[in-house]
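Chains as they are written, first to last, in this note's numbering: chain A, 1 to 175; chain B, 176 to 326. By construction, the Cβ of each residue, glycine as well, lies at the ideal position given by its N, Cα and C atoms. Treat the numbers as computed from the prediction; the structure is a model and nothing was measured.
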C-alpha cells in the first residue's frame with residue numbers, strides 16, 4: 001500500500017501527511033467528524049425506534065412505490081447509524097464521507113423535488129411522527145448543503161487523530 | 176477510490192442486514208409495502224381541537240391503541256384500551272358498547288396503527304376517526320388525561 005506523503009504527489013490521492021495526524025488541521029477534521037457523527041446518530045435513532053412513522057414521512061414525498069418507501073424506511077436509519085458509529089471510532093472514514101455526501105445529494109434532490117411539486121411536508125430528517133411540522137424548504141436545503149460541504153471536505157482530507165489508534169495504543173496512521 | 180467504494184457498498188450491505196434482523200425481531204413494516212396502502216385509504220381524521228369538543232359529549236368513545244403500559248402511564252380521560260396485534264378479539268370485547276350512535280376516535284403514537292384500527296372499525300359499520308396528532312397532540316395541549324387505576 002503506497003503512502004502519499006504530501007498533497008499533489010499523486011493526483012487524486014486523499015491528502016495525507018506523515019506528521020499531520022496531530023496538527024491543528026487534523027484536530028479540526030477530527031472535530032468535524034465527531035460533529036457529523038452526532039448529526040447522523042441523532043437522525044438515525046428516532047427512526048430506528050419508530051420505522052412506521054418514518055415510513056409515513058417518506059411516503060409523504062410521493063416519490064416511490066410502497067415497497068421502496070418501506071425499504072428506505074427500514075434501511076436508511078441503520079446506514080445513518082453505521083456512519084455515525086464508524087465516524088466516531090474512526091474506521092472507513094472516506095467511505096463514510098462518500099456515503100454522507102451521496103445521502104445529502106439524495107436528500108436535497110428529494111426535498112427540492114417535493115417542494116417543486118407543491119408538497120408542504122416535514123423533511124423527516126430528525127423529527128418524525130404526528131407532531132412533526134412541515135419544514136421550511138430554505139432551511140432544509142441550506143442545512144443539507146452545509147452537511148454536503150462538510151462531507152466533501154472529509155472525503156478530500158482524510159487525516160487527523162483516530163480513536164481506533166488510541167484503543168490499539170498505536171502511532172496515528174498516516175492513511 | 177476503489178477501496179472506498181467497496182467499503183461504502185459494504186456499509187450499505189451491513190445496513191440492509193441490520194434492518195432485516197431488526198424488522199424480523201420486532202416487526203414494524205412489511206418489506207412489500209402493502210401496509211402503507213392503508214394510508215391511501217380515506218380514513219376520516221379529526222383534529223385535536225374538534226376531538227376536545229367531542230370529548231364532552233356522551234356519545235364519543237376514545238380508543239387507545241398504544242398498549243397496556245403506555246395506557247397505564249397516561250391516556251385520554253375516559254379512553255378505552257384497544258390494543259394489541261389482534262384487532263378482532265379487542266373488537267369482540269368492545270362490540271357491545273359500540274352502538275350506532277357512538278362516535279369512535281382512535282389515537283396512538285404512530286398514525287399507521289390508528290389508521291389500521293379505524294379502518295377495521297369503519298369496515299364493520301362504525302364511525303371511526305383517527306386523531307391527528309395522536310397522544311402527544313392531546314397531552315401537549317393539557318387536555319383531560321388520566322392514569323390507569325389498578326383495581
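Query: Environment of residue 308 of chain B [buried if 16+ CB atoms lie within 10 Å]; Result: buried
Query: 4 or more residues per run - each alpha helix (DSSP H) lying fully within the stretch 221-268 of chain B; Result: 223-230, 243-248
Query: Same chain, Cβ closer than 6 Å to residue 111 of chain A, five either side skipped, listed in chain order; Result: 123, 140
Query: Span separating the alpha-carbon of residue 298 of chain B from that of residue 292 of chain B; Result: 10 Å
Query: Beta-carbon spacing of residue 88 of chain A, residue 42 of chain A below 7 Å; Result: no
Query: Residue 45 of chain A, DSSP secondary structure in three states; Result: helix
Query: Every unbroken beta strand (DSSP E) inside the stretch 263-309 of chain B [3 residues or more]; Result: 278-282, 302-306
Query: When B:249, B:323, B:206 are compared against residue 71 of chain A, the one with the closest alpha-carbon; Result: B:206
Query: Short CB-CB distance (under 7 Å) between residue 246 of chain B and chain A; Result: no
Query: Buried versus exposed, by CB contacts within 10 Å (16 or more), residue 315 of chain B; Result: exposed
Query: Close Cβ partners of residue 74 of chain A (< 7 Å) along its chain, the five nearest in sequence each way excluded; Result: 51
Query: DSSP-derived helix/strand/coil call for residue 157 of chain A; Result: strand
Query: Cβ neighbour criterion (16 or more within 10 Å) applied to residue 244 of chain B; Result: exposed
Query: Cutoff 7 Å; reference residue 265 of chain B; Cβ partners in own chain excluding five residues on either side; Result: 257, 258, 259
Query: Which listed residue (B:231, B:295, B:285, B:279) has its alpha carbon closest to that of residue 318 of chain B; Result: B:231
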